[in-house]
Structures are given as structure tokens and as C-alpha cells.
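Data block below; observations after.
There are 2 protein chains.
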Amino acid sequence: MKMSAGVEWAVHCCVVLSQADGPVPAQRLADFHGVSRTYLAKHLQQLSRAGLVRSTEGRVGGYALTRSAEEISVLDVVLAIEGREPAFRCTEIRQNGPLPATGEVCRRPCGIARAMYAAEDAWRASLAAVSVADLATGVEEDTGAQTFVRLRGWLATG
Amino acid sequence: MKMSAGVEWAVHCCVVLSQADGPVPAQRLADFHGVSRTYLAKHLQQLSRAGLVRSTEGRVGGYALTRSAEEISVLDVVLAIEGREPAFRCTEIRQNGPLPATGEVCRRPCGIARAMYAAEDAWRASLAAVSVADLATGVEEDTGAQTFVRLRGWLATG
DNA sequence: CAAACGCGGATAGAAAATGTCTGAGTTGAT
DNA sequence: ATCAACTCAGACATTTTCTATCCGCGTTTG
Ligand code: FES
Ligand code: FES
Chain A
361 MKMSAGVEWA VHCCVVLSQA DGPVPAQRLA DFHGVSRTYL AKHLQQLSRA GLVRSTEGRV
421 GGYALTRSAE EISVLDVVLA IEGREPAFRC TEIRQNGPLP ATGEVCRRPC GIARAMYAAE
481 DAWRASLAAV SVADLATGVE EDTGAQTFVR LRGWLATG
Chain B
361 MKMSAGVEWA VHCCVVLSQA DGPVPAQRLA DFHGVSRTYL AKHLQQLSRA GLVRSTEGRV
421 GGYALTRSAE EISVLDVVLA IEGREPAFRC TEIRQNGPLP ATGEVCRRPC GIARAMYAAE
481 DAWRASLAAV SVADLATGVE EDTGAQTFVR LRGWLATG
């Protein structure tokens with residue numbers, strides 16, 4: 361029951377991309393966060409496959425958001441990295457053993473699975489309520505308005 | 361971001377124990393669910409360490425709930441098996457790179473972590489609202505009132 | 001054409017989950 | 001009291017997953 365560390369990297373990258381003017385290469389994103397470039401590239405490819413970022417190839421290529429930061433929720437990023445399968449998986453062990461549940465009952469998920477899925481729905485709803493733009497404003501409130509100014513400067517000159 | 365399969369086993373066992381009169385051996389629980397006895401024992405030990413079940417050794421030993429089924433929530437079982445650590449772990453990569461966050465800001469968790477923790481709190485609240493007794497009544501509604509009667513019979517004679 | 005960049009697969013290493021084993025301790029019957 | 005059977009508990013392998021890296025290929029800019 362633990363989340364991949366790549367989720368944090370991806371969210372941080374989305375916040376950075378929301379403040380960038382043009383495409384940002386994976387090398388620059390990796391240097392900014394102090395993480396492995398090759399491994400971060402894997403996660404960026406997953407974001408690309410999920411349609412959250414667009415990749416431009418070639419000499420001055422890089423990554424950029426496909427929509428505005430307000431339209432990208434944290435849930436979108438988490439699902440792109442961790443996958444859309446629910447964390448809990450009912451293996452239907454109620455059908456095992458000496459007193460198995462009959463086939464008619466098993467057409468709908470069992471009570472245990474229903475409770476687990478309801479909890480995951482609440483989790484997803486909470487993450488869907490926060491957008492990348494909200495995170496960016498939070499960063500400005502925490503570290504000051506000049507943070508992103510310096511970030512844009514570093515992205516341009518670096 | 362996936363949950364251990366042992367969680368399902370543990371929850372099923374708690375539902376069975378809520379309907380048992382005396383202590384139930386791990387062998388009986390494993391046979392009833394059609395799973396490995398030795399591996400299930402490991403999870404039952406975790407429940408024992410968490411204080412949810414009590415183990416009695418000896419010739420007629422086994423496991424029994426320490427409190428009433430109404431007082432045991434699904435969240436208690438999940439935390440006993442999966443551990444109490446949150447799924448998301450902030451590795452503080454905001455302190456890396458060329459523009460690191462200064463030490464003063466980092467005393468409180470960053471915005472990303474706050475959003476993740478809020479979502480996990482919602483998840484836990486949803487699981488805490490469901491008790492083992494609720495699951496048992498759900499099983500009776502799904503499979504009929506005679507289900508647990510036959511279960512008690514199998515536990516006694518088996 | 002050369003340099004920089006993204007993409008995908010192949011390849012290891014580390015960590016965690018899964019599954020099994022043997023021993024210590026307790027209980028009940030003899 | 002002794003014995004034997006049954007139990008739990010922790011230590012021990014096995015398998016899968018995550019993490020991380022590397023190289024070759026196609027693309028774009030200069
Ligand atoms: S049968 Fe076990 S959770 Fe559905
Ligand atoms: S610094 Fe990355 S989530 Fe807190």
C-alpha cells in the first residue's frame with residue numbers, strides 16, 4: 361500500500377511545466393529536481409501517453425502541458441503514473457472452501473470490495489479537487505512570488 | 361499503489377471470527393477460504409500484534425476477536441496488515457537542484473504532500489465508517505440468513 | 001551533415017511481497 | 001506427572017515488483 365516515488369517527480373514536473381514558456385527538456389527537469397534523467401524520462405513518457413503533456417522532438421524539443429494548469433488535477437497525474445487499476449483487488453475467495461458462494465450472488469462485488477471501492481472513490485475525489493494551478497499558487501504563498509520568476513530565468517539561461 | 365492480498369484474507373477472517381463461538385484455529389480459517397495456512401498465519405499474527413484478535417495456544421487453541429465486531433472497523437484491519445505509514449512519501453526533492461527551498465519553509469509539509477495526505481485522510485475516514493459487523497450483515501443480506509448458521513455448523517463439526 | 005532531444009526496449013540491482021519451514025510453548029488426556 | 005498432540009511465532013527461501021541504467025533508433029534544428 362505505498363505509492364511509487366515517481367508520482368512525486370511527475371507532480372513536481374507538472375508544476376514546473378505550468379510556469380515554463382516553451383518546451384522543457386527532460387535533462388533540465390532532472391537537473392532542477394536533482395534526480396536521475398533516464399528514470400525521470402520514463403515517467404514523462406507515461407505522462408505523454410496519458411495525454412497530459414506533449415513532447416516535441418528534435419533539437420529544441422522538450423515537454424509542455426497540453427492543457428492549462430487549471431484543467432489538470434493531481435488525480436490525473438497519479439493515475440497516469442500509478443495506473444487506473446484500483447488498489448484493492450477482490451480475488452473472490454468467497455467462492456473457495458467448503459461453503460462457496462453460488463454463482464448468482466457473485467455477479468455484483470462483495471461487501472468487502474464495495475467498502476474498499478467506496479474509500480478509493482473518496483480518495484480520488486479529494487485528489488481530483490486539487491489542480492496543478494492550485495499547487496503552483498501554494499508554492500508562491502509558501503516561498504514568495506519571486507520563486508517562479510527565478511525558475512523562468514533558470515530555465516531560459518541554465 | 362496496490363494493496364496487499366493479505367488484507368482481503370484478514371478481513372474475511374474477521375468476518376468469520378465475528379460469527380464463531382470459540383477460538384478458531386488458523387488451519388480451519390485457511391481451509392474455509394482455500395488459502396495457504398502458513399501464510400495466513402503470518403497475517404493473523406499481525407492482527408494479534410495490532411490487538412484486534414487474541415490467540416490461545418494449546419490443544420484447543422485458535423484466534424478470537426478481542427472486541428465486539430461493531431468496535432472493529434475495516435480501517436483497523438487494513439492498518440494492521442498494511443502498516444500505519446502513509447502511501448505517499450514526500451522525499452523533499454524541493455530541497456534539491458539549483459533553486460532549493462530554504463530550511464525555514466520546509467518545517468511544514470509542502471503543498472503536494474498536503475494534498476496527498478488530505479486524500480488519504482478521506483480514504484481512511486471512509487474505511488473507518490464500516491465495521492466488521494456491517495460487513496457481516498451485508499453478507500447475510502446477500503447470501504441469506506442461513507449462511508452463518510451453516511458456517512457455525514462447519515466450524516463445530518468440520 | 002552534426003548535435004540535441006524524445007522514444008522504446010533490453011538489462012541489472014534492490015526492495016517488497018509471497019510462500020514455506022522448523023522450533024518453542026501450551027493444553028488436554030493418560 | 002508424563003506424554004503426546006496441537007497451537008502459535010519467528011526465521012528462512014522464492015517470486016514478483018519497483019527502481020535505475022544503458023543503448024540504439026527516428027526526429028528536428030542549425
Ligand atoms: S470475495 Fe474477498 S473481497 Fe470480494
Ligand atoms: S517536496 Fe516533493 S512532495 Fe514534498
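Going down the list, the sequences are from chains A and B.
As numbered in the numbering used here, residues 361 to 518 make up the first sequence, in order.
As numbered in the numbering used here, residues 361 to 518 make up the second sequence, in order.
Glycine included, every Cβ here is placed at the ideal spot set by N, Cα and C.
Interface flag, residue i vs chain A, CB-CB below 8 Å
i	result
Thr-503 of chain B	yes
Thr-520 of chain B	Here chain B has residues from 361 to 518 only, and residue 520 of chain B is not among them.
Ser-428 of chain B	no
Gly-471 of chain B	yes
Leu-377 of chain B	no
Leu-459 of chain B	yes
Glu-368 of chain B	yes
Residue i versus residue j: straight-line alpha-carbon distance, rounded
i	j	result
Gly-421 of chain B	Pro-469 of chain A	33 Å
Leu-404 of chain B	Leu-425 of chain A	47 Å
Arg-449 of chain B	Met-363 of chain A	8 Å
Gly-498 of chain B	Glu-500 of chain A	48 Å
Ala-547 of chain B	Arg-444 of chain B	For residue 547 of chain B there is no data in the structure shown, the boundaries of chain B being 361 and 518.
Gly-411 of chain A	Val-376 of chain B	46 Å
Cys-373 of chain B	Ser-433 of chain B	13 Å
Gly-366 of chain B	Leu-400 of chain B	8 Å
Ile-472 of chain B	Ala-390 of chain B	42 Å
Leu-459 of chain B	Ala-505 of chain A	14 Å
Val-395 of chain B	Thr-451 of chain B	37 Å
Ala-429 of chain A	Arg-427 of chain B	49 Å
Met-476 of chain A	Arg-474 of chain B	23 Å
Val-413 of chain A	Glu-480 of chain B	26 Å
Gly-463 of chain A	Gly-457 of chain A	14 Å
Nonlocal neighbours in the same chain, by C-beta distance under 6 Å from residue i, ignoring five residues either side
i	result
Gln-406 of chain B	Ala-440, Ile-441
Leu-511 of chain A	Gln-379
Gly-382 of chain A	none
Ser-415 of chain B	Ser-408, Tyr-423
Val-490 of chain A	Val-434
Short CB-CB distance (under 8 Å) between residue i and chain B
i	result
Val-465 of chain A	yes
Leu-511 of chain A	yes
Pro-385 of chain A	no
Asp-391 of chain A	yes
Gly-422 of chain A	no
Leu-487 of chain A	yes
Val-519 of chain A	Nothing about residue 519 of chain A can be reported from this structure: the residues present for chain A run from 361 to 518 only.
Lys-362 of chain A	yes
Neighbourhood of residue i by C-beta distance below 7 Å, restricted to the same chain and skipping five residues each side
i	result
Leu-515 of chain B	Ala-380, Val-384, Arg-388
Phe-508 of chain B	Gln-379, Glu-500
Arg-467 of chain A	none
Trp-369 of chain B	His-393, Val-395, Leu-400, His-403
C-beta contact flag for residue i and residue j at 8 Å
i	j	result
Ala-478 of chain A	Ser-486 of chain B	yes
Ala-447 of chain A	Gln-455 of chain A	no
Leu-435 of chain A	Ala-488 of chain A	yes
Thr-503 of chain A	Val-465 of chain B	yes
Cβ-based neighbour list, residue i, same chain, cut-off 8 Å, excluding 5 preceding and 5 following
i	result
Ala-386 of chain A	Arg-397, Leu-400, Ala-401, Leu-404, Gly-422, Tyr-423
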